[in-house]
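Student: This is the structure, below, for whatever I ask next.
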Amino acid sequence: MNINITAVTPETANVNGQELARSYVESILLPLMVASKGQNHAAVIKVAEAFDNAGLSLEATTEASRIYRGHLLEQQREKERLQAEARANAERCREPSRQELADYHAEKERKAREIREHFARVRTQRA
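Here is the structure:
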């Protein structure tokens with residue numbers, strides 16, 4: 630079932646080419662459409678999505694609203710997980726720049742020099 634909701638104003642909404650009162654659409658038509666879908670959550674989500682995208686309230690059907698919000702939350706979590714995975718893969722595959730390599734080697738050499746100097750002092754104190 631295709632739901633085409635256009636021309637939504639504070640008083641009216643155009644549903645599949647038929648102009649209806651907004652209060653009727655939100656309080657009667659939405660619950661009827663959701664009830665006709667039964668336990669088919671995918672169809673309930675499609676109905677709720679059409680109403681939400683049109684800017685209509687989902688308050689008349691708390692169950693459909695809960696299912697739809699859960700669906701949106703699940704989509705958001707999946708998107709964040711994929712982005713985190715992409716960032717981790719990009720970081721893993723990243724190649725350091727010449728400057729970063731030079732800084733790394735300079736720091737490594739500085740630490741090695743400090744260690745050599747420390748043990749040279751220890752050897753001179755023992756001798």
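Just so we're aligned, residue 630 is where the sequence shown starts under this note's numbering, counting upward by one.
Even glycine gets a Cβ: it sits at the ideal position worked out from N, Cα and C.
Could you tell me which residues DSSP puts in a beta bridge with Gln-647?
Tutor: Val-644.
Student: Could you name the residues that DSSP lists as bridge partners for Thr-753?
Tutor: Its beta-bridge partners do not exist; DSSP assigns none.
Student: Exposed or buried, which one is Val-751 when buried takes at least 16 other CB atoms within 10 Å?
Tutor: Looking at its Cβ environment, which holds fewer than 16 other Cβ atoms inside 10 Å, Val-751 is exposed.
Student: Below 7 Å CB to CB, which residues in the same chain sit around Glu-655 once its five sequence neighbours on both sides are set aside?
Tutor: Cβ neighbours of Glu-655 beyond the five flanking positions: Leu-685, Ser-686 and Ala-689.
Student: What residues in its chain sit with their C-beta under 8 Å from that of Ala-636, if we drop five residues either side in the sequence?
Tutor: Around Ala-636: Ala-642, Asn-643 and Glu-648.
Student: Can you tell me the Cα-Cα spacing of Ile-696 and Leu-702, whole angstroms?
Tutor: Their Cα atoms are separated by approximately 10 Å.
Student: Pick helix, strand or coil for Ile-632, following the three-state DSSP scheme.
Tutor: In this structure, Ile-632 counts as coil in the three-state DSSP scheme.
Student: To the nearest angstrom, report how far apart Lys-740 and Arg-727 are at their CA atoms.
Tutor: Cα to Cα, Lys-740 sits roughly 20 Å from Arg-727.
Student: Grouping DSSP H, G and I as helix and E and B as strand, with all else coil, what is Arg-723?
Tutor: Note: Arg-723 maps to coil in three-state DSSP.
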